[in-house]
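In our numbering, the protein residues as written are 878 to 1118.
Right, one structure below, let's go through it.
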């Protein structure tokens, strides 16, 4: 039980979601603990929960007679006893089944850099208007200004960085995914992914990225870069800087 609480707190406050990573670190980064990301820890969280449920069922089976005597002693009315037991069974079954029958809401994904990009666009527009007004009011003075090419270069660099983040955000790779799954999802040969990440070609395509990340020291950003370079030859994420 303490393990479930501990892993839940770890996922909530340390292995945070992508949007929260942008707020805390200012960029999209990979966060792991013991080489596992939040999705892999979530799987461990689920496994521990299933094990505890199994132990609970085993406990009920082994102590069934004691449980019956307990209910008969504290709930004398037979109809009320049946109602309470039925309510507990239905509630428990519903909590297990409901994730598979609920209707989820699907909406457009808002990336962490979106707000910053919007603010940047607004600031560029406001600055452009201010420059235009200044040129009209002070034509002689503006002839001596030579900083505009530098500003343009800065703007282009920033927009390229935004474009790079857009490409990275479109490629979703997780530690629990295998090389085969990544290869099929993005139509990139598995051997090319291995070569890009310096993984031996003899390695099975069914190996998970999370495990290999610990062995070969690459990051999920390296995986995304490998995918982009194969789908767009000569264009890596770094080339967009």
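The C-beta atom is built at its ideal place from N, Cα and C for all residues, glycine as well.
About 6 Å separates the beta carbons of residue 881 and residue 926, which is inside the 8 Å limit, making them a contact pair. Boundaries of the alpha helix (DSSP H) around residue 1068: 1067-1073. Annotation note: the stretch 886-969 contains the following uninterrupted alpha helix (DSSP H) runs of length 4 or greater, listed N- to C-terminal: 895-902, 915-939 and 941-951. Nearest to residue 1047 by alpha-carbon distance, out of 900, 879 and 895, is 895. Shown here for residue 1050: same chain residues with a beta carbon closer than 8 Å to its own, the five before and five after excluded, namely 1059, 1086, 1097, 1100, 1101 and 1104 in chain order. Contact between the stretch 1055-1069 and the stretch 1080-1095 is established, with three or more Cβ pairs separated by less than 8 Å. The alpha-carbon separation between residue 956 and residue 937 amounts to approximately 21 Å.
In the pairwise beta carbon analysis, the stretch 910-930 is classified as not touching the stretch 951-967: fewer than three pairs are separated by under 8 Å. Buried is the label assigned to residue 1052, since at least 16 other Cβ atoms lie within 10 Å of its Cβ. Within the same chain, 898 come within 7 Å of residue 906 by CB-CB distance, once the 5 residues on both sides are set aside.
Residue pairing from DSSP places residue 1055 in a beta bridge opposite 1085.
Taking the Cα positions, residue 962 is about 18 Å away from residue 935. Between residue 1093 and residue 1075, the beta carbon gap of about 6 Å places them in contact (Cβ cut-off 8 Å).
With contacts defined as CB atoms closer than 7 Å, residue 908 and residue 892 qualify as a contacting pair. Across the structure, residue 900 and residue 889 are spaced so that their CA atoms are roughly 15 Å apart. Taking a 10 Å sphere around the C-beta of residue 1089, we find 16 or more other C-beta atoms and assign the residue as buried. Secondary structure note for residue 1107: its alpha helix (DSSP H) is the uninterrupted segment 1097-1108. Annotation: residue 919 to residue 1070 spans about 26 Å, alpha carbon to alpha carbon. Under the three-state reduction of DSSP output, residue 1092 falls in the helix class. Here residue 1078 carries a coil assignment [DSSP, helix/strand/coil].
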